[in-house]
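In what follows, a single structure is set out as structure tokens and then discussed.
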Amino acid sequence: MSKPPKLSLAAIVASASPQVKPLARSAPAPRPQGAEIVPLTLAPPAPKPAATLKQRARQMSVYLEPPVYDQLRDLAFAERTKMHALMLEGLDLLFKQRGARSIAQLTETQGR
């Protein structure tokens, strides 16, 4: 006894859909007279969305002693913020203390 032939997806779809006879075209449909042709004005293309911070930024590892890490994590939890935001706040304070430009000033000039 031989195996039944494998059905292809095209064969299944063709057997499921009713056969429709194509309509015979005798002549093209007449165009309405006096119709005005208006040029289509396309809207300018939408600007690309800004890249995410992960795509724009450079990654840097920080090694912290366990008590320092725990304290930073506890502060972030207590303030309902992320550890990353606290690290950026600390860097911003360091920059201001040393007379360097703040993070806001650096990112403002980068966008231009």
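Count along the sequence shown from 1, add 1173, and you get the number used in my numbering.
Just so you know, even glycine gets a beta-carbon here, dropped at the ideal spot from N, CA and C.
Remember, it's a predicted structure, so these values are computed and weren't measured experimentally.
Cut-off 7 Å between Cβ atoms - residues of its own chain near residue i, not counting five sequence neighbours on either side
i              : result
aspartate 1265 : Ser1275, Ile1276
Backbone CA spacing between residue i and residue j [nearest angstrom]
i              : j              : result
glutamate 1259 : proline 1222   : It is leucine, not glutamate, that sits at residue 1259 in the sequence shown. Roughly 27 Å separates the two Cα atoms.
lysine 1255    : glutamine 1278 : 22 Å
proline 1177   : proline 1217   : 57 Å
proline 1239   : alanine 1273   : 30 Å
Sequence-distant residues of its chain with Cβ nearer than 6 Å to residue i (five each side left out)
i              : result
glutamate 1281 : none
For residue i, the nearest candidate out of the options (CA to CA)
i               : options                            : result
methionine 1233 : Arg1271, His1257, Ile1210, Gln1244 : His1257
In chain order, each alpha helix (DSSP H) run of at least 4 residues that lies wholly inside the segment 1209-1250 = 1226-1229
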